[in-house]
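Have a look at the structure below, then the notes.
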Amino acid sequence: MLIDVFSNWLADVFAGLTLLALGFLSRWLRRRTTASSGDDTVAPPTAGGGFRTYTLLGARAADGQPVHMPSSKPAGTVVTWTGPAGREGFELTDHRLPDGTYGAEPVARYQRR
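Numbered continuously in the working numbering, the sequence shown closes out at residue 116.
What follows is the structure in structure tokens.
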């Protein structure tokens, strides 16, 4: 009788572990395919406090590190940053960079002279 109880319990444990392993495997595969698809579609920030962090492309802080700026403004907005070299305008974009921030392109470098 004890052997029957143990064998039934063991079958239930193996079935549970198998379902758990299948769940982890499916989640891993879903994350892997989502990450490799390159889908950068993200809703724009909302007026209710949705912030994005932007990397100001080509700008460096006084210590040489890239400059990151949080903003709730939509893409296409030009913001001004005052750094060691003076004031410079940057246009916010929807392009997501590999570090998870969004790019902000310098405006003065692309204007016609």
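Just so you know, even glycine gets a beta-carbon here, dropped at the ideal spot from N, CA and C.
Status (buried if at least 16 other CB within 10 Å, exposed otherwise) for residue i
i, result
"Ala107", "buried"
"Leu95", "buried"
"Phe93", "buried"
"Arg1", "This structure leaves residue 1 out entirely; the chain is present only between 4 and 116."
"Arg35", "exposed"
"Arg33", "exposed"
"Arg112", "exposed"
Supposed contact pair residue j and residue i - C-beta distance, whole angstroms, cut 8 Å
i, j, result
"Ala64", "Val70", "5 Å"
"Glu91", "Pro73", "Actually they are not in contact, since the Cβ atoms of Glu91 and Pro73 sit about 18 Å apart, beyond 8 Å."
Pairwise C-alpha distance: residue j and residue i
i, j, result
"Leu60", "Pro101", "13 Å"
"Val82", "His98", "16 Å"
"Asp15", "Thr21", "10 Å"
"Leu13", "Leu28", "22 Å"
"Tyr57", "Lys76", "11 Å"
"Gly89", "Leu25", "57 Å"
"Ala62", "Phe17", "57 Å"
"Pro87", "Leu23", "55 Å"
"Tyr120", "Asp66", "The requested residue 120 does not occur in the structure, where the chain is confined to residues 4 to 116."
"Thr80", "Gly103", "19 Å"
Per DSSP, the bridge partner or partners of residue i
i, result
"Arg33", "In the DSSP output, where bridge partners are listed per residue, Arg33 has none listed."
### Query
What beta strand (DSSP E) runs, 3 residues minimum, are completely inside the stretch 57–116?
List check, beta strand (DSSP E) in window: 69–74, 81–86, 89–99 and 105–109.
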